[in-house]
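Take a look at the structure below.
The following block contains the structure:
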């Protein structure tokens with residue numbers, strides 16, 4: 005393959021890799037936000053447990069049961085969203101890996117072609133010098 009074509013392919017595969025790399029950032033941000041929400045929910049639950057043990061009025065009105073129900077539904081919803089975000093991340097990572105593999109393969113081919121060209125040129129020059 006000609007060097008010019010390999011260089012063009014290297015440019016294209018580099019652009020594709022950068023495009024896939026840019027696509028993964030929002031997915032990672034969404035996953036991090038969901039993990040943060042789960043951590044925040046854990047902190048709220050921990051705080052509420054301490055308060056509910058002290059507040060008899062909350063227990064008598066059933067507010068503690070309502071809180072527990074809300075907490076359970078919210079945790080379940082966040083875990084579902086986190087699972088979806090993780091699945092998206094894994095698919096995006098697979099695409100990124102493939103894109104990186106293509107980029108690396110084309111770069112390697114271009115590098116080897118340049119080295120072969122250089123070696124061939126040196127061999128021709130050496131042959132011309134030995135004929136003199």
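In our numbering, the protein residues as written are 5 to 136.
For glycine and all other residues, C-beta sits at the position ideal for the given N, C-alpha and C.
Source: prediction; values computed, not measured.
Hey, quick one: how far does the alpha helix (DSSP H) through residue 100 stretch, first residue to last?
67-135
Leaving out five residues on either side along the sequence, give the residues of the same chain with a beta carbon under 7 angstroms from the beta carbon of residue 25.
100
What's the gap between the Cα of residue 106 and the Cα of residue 112?
10 angstroms
Straight-line Cα distance separating residue 135 from residue 104
46 angstroms
Nearest to residue 38 by alpha carbon, out of 84, 124 and 133?
84
Residue 29 - DSSP class collapsed to helix/strand/coil
helix
To which residues of the same chain is residue 79 closer than 8 angstroms at the C-beta, ignoring the five residues directly before and after it?
42 and 45
For residue 142 versus residue 110, is the C-beta spacing smaller than 8 angstroms?
This structure leaves residue 142 out entirely; the chain is present only between 5 and 136.
Quick check on the burial criterion: 16 or more other C-beta atoms within 10 angstroms. Buried or exposed for residue 89?
buried
What residue from 132, 55 and 121 has the CA that sits closest to residue 10's CA?
121
Cα separation between residue 97 and residue 29?
11 angstroms
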